[in-house]
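Per this note's numbering, the very first residue in the sequence shown carries number 2; after that it's consecutive. Written below as structure tokens is the structure these notes are about.
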Amino acid sequence: MNTIYRLLLVTLFFVSQNNQAQKRIALFNQKDLKGWYAFGEEKGKTNNADELFSVENNMIRMFGPKAGYLMSEQSFRNFELTVEYRWNTDVNVVRKNNNKNSGVMYLVPAETPDILWPKGIQFQIKEGATGDFVFLQETTLNINGTKTTPGKSVVSKRFADAEKPIGEWNQLVIISKNGVITQKLNGKTVNQGTESSVTEGRILLQYEGFPIDFRKVNIKKSK
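So, in structure tokens, the structure goes:
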């Protein structure tokens, strides 16, 4: 009986550990920017992210006359990241330009310096190009058996379009598992590659000049 009891405890322990690994973590609490810091081309890095960006109606609202980003304080290795976004078309909101261009970066190494834009991989959010890979600061990935060329900013085009009309909410999903990267948009796989040169890092939300809203920034760790 004792042996059976011990086996049961061990089984329950591993089930609990697996459930924890699969638990979805909210990186944005829909109240404030706790867990993030901001970087702007004028102010540089600020640990008080509210100095650059704001939270309103459970959304992160990114706008203003200067480009910048929000960076997660935590780093992640194997994960599934889910982010919802939409373009903010309110003409009264301050903007740097009218080019609908932004992105979600991931696997930004903890040691990389804060610049526009740092090392890592970007899920491109751009009118007519959403879903493209952008490899920044020498980052590489194998796509269809060919390694991308290292460079400051290298684009690999999506192989499917799935973005919703401007003003509607979109859901992007990024899966990173032992160097294999998959990008999905609104339920459709839009890009994929293997043997990523970066396998662990932080999450970054970009503001490149056109107002954009983010919500439901969640991550699920995997083994």
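Just so you know, even glycine gets a beta-carbon here, dropped at the ideal spot from N, CA and C.
Quick one: give me the first and last residue of the beta strand (DSSP E) that residue i is part of.
{"i": "E57", "result": "55 to 57"}
{"i": "R62", "result": "60 to 63"}
{"i": "A68", "result": "Element bounds for A68: n/a, residue is neither H nor E."}
Going by DSSP, what residues sit across from residue i in a beta bridge?
{"i": "R216", "result": "E85"}
{"i": "I204", "result": "In the DSSP output, where bridge partners are listed per residue, I204 has none listed."}
{"i": "W118", "result": "None; W118 has no bridge partner."}
{"i": "R78", "result": "The partner list for R78 (beta bridge, DSSP) is empty, contrary to what the question assumes."}
{"i": "T147", "result": "I144"}
{"i": "F124", "result": "V105, F134"}
{"i": "V156", "result": "V135"}
{"i": "R25", "result": "K221"}
How is residue i classed by DSSP in three states: helix, strand or coil?
{"i": "A161", "result": "coil"}
{"i": "E112", "result": "coil"}
{"i": "E169", "result": "coil"}
{"i": "E42", "result": "coil"}
{"i": "A50", "result": "helix"}
{"i": "L137", "result": "strand"}
{"i": "T195", "result": "strand"}
{"i": "T190", "result": "strand"}
{"i": "T183", "result": "strand"}
{"i": "G104", "result": "strand"}
{"i": "E209", "result": "coil"}
{"i": "S223", "result": "coil"}
{"i": "K178", "result": "strand"}
Spatial neighbours of residue i within its chain, please: C-beta separation below 6 Å, excluding the five flanking residues on both sides.
{"i": "F134", "result": "S157, N192"}
{"i": "T83", "result": "V174, N219"}
{"i": "E85", "result": "W170, Q172, R216, K217"}
{"i": "M72", "result": "Y38, R203, L205"}
{"i": "G41", "result": "L53, K67, G69"}
{"i": "G194", "result": "L142, N143, I144, I182"}
{"i": "T90", "result": "G168"}
{"i": "S197", "result": "L142, G180, I182"}
Starting from the C-beta of residue i, find all residues in its chain whose C-beta is less than 8 Å away, skip the five residues before and the five after it, and write them out in chain order.
{"i": "I26", "result": "N219, I220, K221, K222"}
{"i": "K35", "result": "none"}
Can you give me the Cβ contacts of residue i inside the same chain, cut-off strictly under 7 Å, excluding the 5 residues immediately before and after it?
{"i": "T149", "result": "F136, T141, L142, V155, S157"}
{"i": "K32", "result": "V56"}
Counting only beta-carbon atoms, is residue i nearer than 8 Å to chain C?
{"i": "Q172", "result": "Of the protein chains in the structure, only one exists, and it is not chain C."}
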